[in-house]
Amino acid sequence: MDPRSGVRRFRLRPRGRDQVEAEMRTELDVHLAMAVEHYVARGMSREEAERLARERFGDDLDATRRRLYRSAGEREARVSRRETLHELRQDARLAVRLFRRAPRFFAAAVLTLAIGIGANGAVFGILRATLLQALPYERPDELVMLWRAFPDDPPAHRGELTTAMLLAWRRELAHDVGDVAGLITWDGNVAAQFDLVSDGRARRLNGAFATPNFFGLLDVQAARGRVFGPGDERSGEPLVVLSDALWRREFGGDPSIVGRRLTLTVGTAPRAPRTFTVLGILPRGVHFTYPDETEAWVMMPWAEVARREPGEIAFQAVARLRPGVTLTHAQQRASALRLPTQRRAIGSGAGDVAFVDAQPRFRLEPMHDWVVGDVRPSLQLLGAVAALLLLVTCVTVANGLLARISERQQELSVRAALGAGRGRLVRQLLTEGALLAVAGAAAGTAIAAALQPVLRALLPVSVPRVGELTVSGAMVGFGATIAAVTTLLAAVAPAWGGTRVDGAARLTQTARGASADRAAVRWRHGLVGAQAAIATTLLVFATLLLASFWRLGQVPLGFDGREVLTVEMRLLDPKYRQSGALERFQTELAARVRAIPGVARAGLASAVPFRGVDIVTIVGRADRTTQLVNARYVDRAYFDVMHIPLRRGRLFGDADRDGPPGVVISESLANTLFHGEDPIGQRLLTDEPHEVVGVVGDVRYDRLERDPWPAVYVSRAQSPRRLICLVVRTRRGVPTTSVAPAIRRAIHAVDPAVPAMRMTTIDRIVDASVANRRFYTLATTAFASIALLLTIVGLATVVARVVAERRRELAIRAALGATTGELARQATWGAMAAVGVGTLVGLAVAYAGSAALTQFLFHVAPRAPATYAAVAALVLTVAVVAAWRPVRALARVPLARVLRAE
Amino acid sequence: MKAGPPLPFLKGTVDMLVLKALSGGPMHGFGIALWLEARSDGTLGLDDSVTYQVLHRLEGRGWVEAEWTVTENKRRARVYRLTRAGRAQLAKETDAWLRYSRSVTAIMTADLRPASA
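As you go down the protein sequences, you meet chains R and C in turn. Mapping of the first sequence onto this note's numbering: residues 22 to 923, in sequence order. Mapping of the second sequence onto this note's numbering: residues 8 to 124, in sequence order.
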């Protein structure tokens with residue numbers, strides 16, 4: 022030991038207060054005795070000598086004693102702190118030396134940890150940006166969204182409020198429950214989709230009308246200029262506040278825009294260009310809506326709200342609960358409000374439609390849930406899976422450390438024999454673990470940081486706030502925390518299990534080269550079993566998710582959207598209210614698009630599957646049986662382009678223009694409404710009577726997971742609509758997207774004021790609808806595969822070690838006539854049994870946990886025995902293969918040489 | 008030469024004095040007290056309890072280490088010795104003290120009478 026460090030050469034056992042006090046007492050007594058002797062030797066009387074000796078300590082000897090006890094106690098604390106620190110440094114030095122001697126082990130362990138920590142760090146980054154990070158408003162926990170709900174609505178239904186509801190809350194609850202702001206937003210109402218016309222080009226903006234108190238309620242300030250507030254209610258001046266992104270994109274970030282005038286076409290009836298004063302620019306990061314942000318905020322005075330129809334359904338609303346008001350209390354107060362009843366149609370899918378008068382209720386939803394609620398379960402799944410992977414990596418490293426300990430038995434025994442206590446040895450091993458964890462965490466955090474941009478690109482756009490994904494201090498902090506946890510998990514077990522050292526016995530034993538310590542082997546087998554358990558659980562989950570994804574891919578869409586380009590238009594301009602204007606627009610558009618070289622066919626619809634506005638309407642037969650259906654306004658070419666097959670009758674024809682209006686219905690509507698009768702030629706009642714001319718195949722309209730709804734297709738030639746989705750199929754060999762610019766030009770040529778929105782391919786729309794599912798399925802599968810790989814490596818290593826350690830014993834058995842098969846059984850029995858038990862445990866855990874997985878599954882039973890059997894078979898087969906290699910190596914060893922070598 | 012009543016010891020310097028006392032070799036607490044007394048002719052007037060407090064502080068800092076031994080008189084005594092860090096500290100403090108006291112002495116003994124023309 023280095024004397025310079027000032028550490029006692031022989032560490033006295035850690036001492037308690039009593040002992041320190043006793044020592045101090047002895048020291049003082051000896052001191053007094055020496056002083057007395059000193060004075061007596063100078064010829065003093067004994068009494069005088071004792072008096073003088075005592076005087077040397079001042080007036081009050083007892084007080085002095087107490088003071089010295091205390092100061093001795095402080096000394097002891099400081100010394101032991103320093104010694105601990107010194108030992109840690111010593112341990113770390115030793116660990117570094119050891120790792121330098123075994124670089125391959127060190128690299129493998131760090132790499133394993135880095136994978137686990139990196140995966141977790143990346144997932145944590147996502148969870149933090151979406152679930153954990155507070156919304157960019159002051160005290161966001163107080164903010165709730167208000168929705169209209171009927172008792173039979175699904176629990177998560179978000180119905181917009183009626184004017185009467187919004188005003189009722191403001192009148193009755195604003196003072197003691199919480200202030201409310203009303204909004205009409207782009208995602209709920211076309212009136213709030215603003216057109217910004219500049220340079221002869223129309224851009225449709227995600228807009229919102231907001232009551233004057235909106236920004237004050239959120240406590241959002243402008244980054245430039247100001248936001249509108251209650252003081253502007255009476256100004257009568259049209260005011261607009263722009264988002265940071267819009268300001269940068271459309272105005273090049275020009276600060277002089279504040280205070281200038283801006284023309285936006287807003288509203289529906291009437292929709293007209295209006296001039297607004299730009300009041301201010303919002304800070305970056307205030308999106309309000311996710312994933313697409315709201316770009317322009319127009320002030321809507323309360324007086325204007327009050328003028329609207331009481332029954333009009335138009336508003337989203339945000340309330341800020343007053344301090345001390347809980348969500349439950351607010352919900353109770355809101356539920357107690359008497360609200361005007363509403364007439365509503367009940368009965369979807371099949372059966373008659375009934376009308377009831379029902380009283381709507383408020384449903385309160387924390388704003389954070391509104392923003393991230395839909396993706397929360399899948400992100401939580403991701404987090405859980407990542408945590409399991411981390412556990413596997415910890416177990417892997419623990420196993421590696423344990424193997425190293427058994428290699429180092431002799432060294433540890435020597436240290437124990439030289440007086441190192443078990444605590445000291447455990448600490449040495451913990452230090453090694455910590456060193457590994459720190460290196461692993463550093464590498465892992467680097468991996469996670471490097472993964473961030475990849476993840477951001479990979480994450481489905483439906484995950485809100487991924488834009489806020491950053492490499493942050495929190496992520497580094499998370500890495501450090503994980504490192505600490507990893508140290509505990511990966512090093513404590515081996516340290517405890519590996520240091521049950523009976524020094525002398527071990528020394529002699531190892532010197533004789535006896536078999537490996539059974540306890541350590543049991544530990545390692547246990548760890549391999551744990552790995553197998555976690556890997557099995559993950560594999561079951563991954564299999565269920567993969568099967569769901571595969572099933573989803575097998576779902577008949579009812580259409581073929583491959584290589585179909587689509588673009589949306591909404592003819593909101595008042596000029597399209599004039600008779601014939603819509604027909605002229607759509608006819609000319611279709612003609613121009615069909616004339617584009619490379620375009621094979623082009624059709625029109627009110628909405629394409631998986632996107633757009635689905636018009637729900639009620640149809641009935643003459644005998645008054647009714648049905649809620651999805652109405653689509655299409656032309657004949659639409660079926661052609663989308664490859665929607667005609668089952669009976671015919672599609673729309675030119676004749677329909679003059680005759681009784683003909684409609685095409687879907688197969689499921691034919692079945693539910695006409696019950697096997699031939700629907701062709703039958704009358705179908707909507708607002709006006711139609712004649713069924715044809716039946717087409719069912720189409721999934723909303724999501725892959727949802728069964729097709731009955732649908733009725735109305736001819737656009739007879740009922741033109743302002744909603745237009747153009748669908749275009751290109752000629753063979755012509756890339757779909759190559760015609761996009763020509764299509765934009767065609768739309769511009771028909772009416773330059775009509776914005777072409779959301780141009781993409783149908784493929785991509787379908788793809789995006791499963792992006793979220795694909796992401797977590799892939800992540801789970803990847804994590805499960807890594808876990809399995811680590812388990813295999815762990816198993817192979819343990820078997821190899823057992824074989825190596827028991828070579829002598831196995832050689833003797835071989836000499837006594839044991840066959841290779843018997844030897845193999847002997848060498849691998851423990852590890853294989855552990856894997857077997859682990860697999861069973863893993864299956865049980867997966868079985869228990871599969872209920873939580875149900876919401877992610879599609880047409881897959883979470884507890885189908887086949888899945889579990891397949892996973893068990895996979896794990897066990899892989900285990901046998903992994904164990905085979907070291908055993909085969911054993912068989913090749915010339916046993917005589919082994920015996921001679923010992 | 009006994010020089011009047013004991014001086015109140017200068018705070019901070021006692022640590023240095025104890026280190027100096029131990030620089031000759033290991034000593035127990037009473038030995039240190041005697042040594043200081045003898046060298047200063049009693050002018051420092053150090054209370055023996057202060058010696059122990061100083062020793063505790065020095066041991067806490069790692070400049071001094073202690074060990075129980077048996078004296079010639081068959082007494083168990085706690086014997087203190089300088090560590091290598093303590094020796095370095097002593098050298099540092101000695102150097103600082105000498106420079107400090109030299110400057111102070113130079114000032115205090117300066118001739119302040121105005122220079123005669």
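Each residue gets a CB set at the ideal place from its N, CA and C atoms; glycine is no exception.
Tell me which residue opens and which closes the beta strand (DSSP E) that residue i is part of.
i              : result
T206 (chain R) : 199–206
T298 (chain R) : 293–302
S399 (chain R) : Not the beta strand (DSSP E): S399 (chain R) falls in the alpha helix (DSSP H), residues 397–428.
Taking CB distances under 8 Å as the criterion, tell me whether residue i reaches chain C.
i              : result
M65 (chain R)  : no
D39 (chain R)  : no
V392 (chain R) : no
R88 (chain R)  : yes
E48 (chain R)  : yes
A537 (chain R) : The pLDDT assigned to A537 (chain R) is 48, lower than 50, so where the model puts this residue is not dependable; a value taken from the coordinates is nonetheless given after this. Chain C, which has no Cβ nearer than 8 Å to the Cβ of A537 (chain R), makes this no.
H52 (chain R)  : yes
R121 (chain R) : no
G534 (chain R) : Per-residue confidence for G534 (chain R) stands at a pLDDT of 40, beneath the threshold of 50, marking its modelled position as unreliable; no derived number is given.
R827 (chain R) : no
G524 (chain R) : Confidence is the limiting factor: at G524 (chain R) the pLDDT is only 46, short of 50, which leaves the residue's position unreliable, though a coordinate-based value still follows. Answer no: the Cβ-Cβ gap between G524 (chain R) and chain C never drops below 8 Å.
R245 (chain R) : no
R527 (chain R) : At R527 (chain R), the pLDDT of 48 sits below 50, so the modelled position is not reliable; the number obtained from the coordinates is stated separately. It does not; no Cβ of chain C falls within 8 Å.
R103 (chain R) : yes
How would you list, in chain order, the residues of chain C whose beta-carbon sits under 7 Å from the beta-carbon of residue i?
i              : result
A56 (chain R)  : F37
A93 (chain R)  : H63
R99 (chain R)  : G67
R477 (chain R) : By Cβ distance, chain C contributes nothing, its closest Cβ being about 52 Å from R477 (chain R), past 7 Å.
R2 (chain R)   : Any property of residue 2 (chain R) remains undetermined from this structure, which presents chain R solely from 22 to 923.
With respect to the alpha helix (DSSP H) encompassing residue i, which residues constitute its N-terminal and C-terminal limits?
i              : result
D118 (chain C) : It is not in any alpha helix (DSSP H) - D118 (chain C) carries neither H nor E in the DSSP assignment.
S39 (chain R)  : Looking at the sequence provided, one finds Asp at residue 39 (chain R) rather than Ser. 38–62 is the span of the alpha helix (DSSP H), which, as asked, contains D39 (chain R).
G454 (chain R) : 443–479
Q607 (chain R) : 602–615
I39 (chain C)  : 36–47
V787 (chain R) : 783–790
W75 (chain C)  : Careful: W75 (chain C) lies outside any alpha helix (DSSP H), inside the beta strand (DSSP E) at 71–77.
N651 (chain R) : No alpha helix (DSSP H) holds N651 (chain R); the beta strand (DSSP E) holding it covers 647–655.
Does the CB of residue i have a neighbour CB from chain R at under 8 Å?
i              : result
K27 (chain C)  : no
D22 (chain C)  : no
Y107 (chain C) : no
D54 (chain C)  : yes
Since residue i meets chain R, which of its residues come closer than 8 Å, beta carbon to beta carbon?
i             : result
Y87 (chain C) : Result: empty, since nearest Cβ-Cβ is about 10 Å, beyond 8 Å.
Is residue i buried or exposed, if buried means 16 or more other CB atoms sit within 10 Å of its CB?
i              : result
T529 (chain R) : Low confidence applies here, because T529 (chain R) scores a pLDDT of 47, under 50, leaving its location unreliable; read the following figure in that light. Exposed, since its Cβ has fewer than 16 Cβ neighbours within 10 Å.
L105 (chain C) : exposed
E826 (chain R) : buried
I114 (chain C) : exposed
S569 (chain R) : buried
H196 (chain R) : exposed
E15 (chain R)  : No information on residue 15 (chain R) is available, as it lies outside the stretch 22 to 923 that chain R covers here.
W207 (chain R) : buried
S256 (chain R) : exposed
F376 (chain R) : exposed
Given that residue i touches chain C, what residues does it touch there, using C-beta distances under 8 Å?
i              : result
R110 (chain R) : Chain C residues near R110 (chain R): none, gap ~13 Å exceeds 8 Å.
E42 (chain R)  : Residues of chain C passing the Cβ test: none, with the nearest at roughly 13 Å.
R160 (chain R) : Correct list: empty, because the minimum Cβ distance to chain C is about 49 Å.
Could you work out which residues of chain R lie near residue i, taking near to mean beta carbons separated by less than 7 Å?
i             : result
A45 (chain C) : Residues of chain R passing the Cβ test: none, with the nearest at roughly 12 Å.
A84 (chain C) : V51
Can you give me, in chain order, the residues of the region 846–876 of chain R that have a beta carbon less than 7 Å from any beta carbon in chain C?
none
Chain C contacts from the region 69–84 of chain R (Cβ-Cβ distance under 7 Å)
R77, F78, G79
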